[in-house]
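Numbering (the numbering used here), first residue to last: 7 to 346. Here the structure comes first, spelled out in structure tokens, and everything after it is commentary.
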């Protein structure tokens, strides 16, 4: 074990270590701890961790784990060698405070020939002289917390990761639009939905007929099971493309429509290389062809919003082969696609 820092929690009188071990050591020493204590969470359905399995094999850095010892041997003045020796000798006495699911996932992929078992797994180790103090720390850290929904996580990410003005578009919240609408601005909630759909690799991330909690669960399932795309494909590419194409009033109006925006964003995830090379005029001509084909559907026989979202997604996902079609040929393609 490598120890990087030794600190002390003055509230629960506990020594807190920041360190690392290898994946191999974690499988040997920590995985057996998974079912050790009664208050630990039940292992979740493995489908929610299939994405993490693939990432571990591909060489991701796993979020750090937290394990704990209830023992008085290690104290505020203990040195690194002393702590390392204690861990090596008594690791079976520890239990996992945070990271059971990650350990279980690591255990499942540890037999893979592709995984590097010498990679580092980062650890926080808490040495406390009382179970009550550890339980207090767990309660104060977790009580009242409600996991963020996928939508909320996207909102947080967008607020911190994207400078929309710098990227070239105006964005307003519903509250801001209620006071004064900026000309040519995009609705932030539409962009949130587009980003969520982009991450899920599916245009269908909103269904009022499904209760929100279950819809969130479905979205998470889609995100973790989404197939890999080119590493250069990012949602920032989508924003930059929108910023360019909005120079055309026709394209701006089209992109500000939520169903079009969502379909375009998810479709561009696959076709970003060819789409980012389009001129403003070429994009405008493409959406005019799309709209002409779409207008020939009988509105009394379809759900307009849902179909527009699905077809705009398919159109831009398969843009390399559909871009040369005229409106009648595209209508025929759409007709075959939607024919039950």
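We treat Cβ as the ideally placed atom computed from N, Cα and C, and that holds for glycine.
The continuous alpha helix (DSSP H) containing residue 277 extends over residues 264-281. Checking the DSSP bridge columns, you'll see residue 132 partnered with 22, 74. Between residue 267 and the set 40, 208, 165, the nearest pair of CA atoms involves 208. Annotated three-state conformation of residue 11 is strand, per DSSP. Following the DSSP letters along the chain, one finds residue 286 inside the alpha helix (DSSP H) bounded by residues 286-300. For residue 17, there is no enclosing alpha helix (DSSP H), as DSSP marks it with neither H nor E. With a contact defined as Cβ atoms closer than 8 Å, residue 281 and residue 339 miss out at about 18 Å. Residue 91 holds the alpha-carbon nearest to the alpha-carbon of residue 79 among 72, 68, 91, 71. With contacts defined as CB atoms closer than 9 Å, residue 314 and residue 252 fail to qualify as a contacting pair. According to the DSSP secondary-structure assignment, residue 126 is paired through a beta bridge with 28.
For residue 31 and residue 17, the gap between their C-alpha atoms comes out near 31 Å. A direct Cα-to-Cα measurement between residue 334 and residue 299 gives close to 6 Å. Per DSSP, the beta bridge partners of residue 178 are 193. Within a 10 Å sphere around the beta-carbon of residue 292 sit 16 or more other beta-carbons, which makes this residue buried. Between residue 114 and residue 28, the gap from beta carbon to beta carbon reaches 9 Å or more. Remark: C-beta atoms of residue 116 and residue 123 approach each other more closely than 9 Å.
Setting aside the 5 residues that flank it on each side, residue 140 is surrounded in the same chain by 74, 134, each with a C-beta closer than 6 Å to its C-beta; the list follows chain order. Around residue 180, the same chain offers 193, 194, 195 as residues with beta carbons nearer than 8 Å, after the five sequence neighbours per side are excluded. Across the structure, residue 328 and residue 336 are spaced so that their CA atoms are roughly 7 Å apart. Three or more pairs of CB atoms, one per stretch, sit closer than 8 Å, so the stretch 58-75 contacts the stretch 92-112. Residue 104 has 72 as its beta-bridge partners, per DSSP. Here residue 247 carries a helix assignment [DSSP, helix/strand/coil]. Residue 308 and residue 120 have their C-alpha atoms some 48 Å from each other. In the structure shown, residue 211 adopts coil according to DSSP, grouped into three states. Your pair residue 173 and residue 283 does not check out as a contact, with CB atoms roughly 18 Å apart and the cut at 8 Å. By alpha-carbon distance to residue 13, the top candidate from 256, 76, 176, 86 is 86. Take the alpha-carbon of residue 310 and the one of residue 185: they are about 30 Å apart.
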